[in-house]
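Trainee:
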Amino acid sequence: MLCCGLAVCWVLHPLSLRACAACYGQSDSPMAQGMNWGIFSLLGIVVVVLGSISTFFVFLARRAAAQPPPPGPDYDPLLTNDPFSITD
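Residue numbers for the sequence shown follow the numbering used here, so the first one is -6 and each next one is one higher.
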């Protein structure tokens, strides 16, 4: 039991709760600048992926709006003069 208590005290020691060297040190150091570039590049990838997905759905919505409405109940594809209709 004493061993578990010492382990908990050691893990929760205030020195282990301090920030990492990249955040705690100088904000203009090369390590901090590299971390900022990493954050911005990952943010850029997320923006590109979400933008692509939203553009695809806008494309689908416009394409669906451009389609003619479905025919009514009295429509018979065999009686039309459409060259692309199904005829045997």
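Even for Gly, the Cβ is constructed at its ideal location relative to N, Cα and C.
(1) For Met24, name the three-state secondary structure that DSSP assigns.
(2) In whole angstroms, what is the alpha-carbon distance linking Cys2 and Met(-6)?
(3) Quick check: what's the CA-CA separation for Pro23 versus Gly37?
(4) For Gly44, which three-state DSSP category applies?
Mentor: In short:
(1) Sequence index remark: in the sequence shown, residue 24 carries index 31 (1-based). Three-state result, Met24: helix.
(2) Counting from 1 along the sequence shown, the entry for residue 2 is found at position 9. Counting from 1 along the sequence shown, the entry for residue -6 is found at position 1. Met(-6) has its alpha-carbon roughly 13 Å from the corresponding atom of Cys2.
(3) Working through the sequence shown from its first residue, we reach residue 23 at position 30. Working through the sequence shown from its first residue, we reach residue 37 at position 44. Distance between the alpha carbons of Pro23 and Gly37 is about 21 Å.
(4) Counting from one through the sequence shown, the residue named residue 44 turns up at place 51. Correct three-state label for Gly44: helix.
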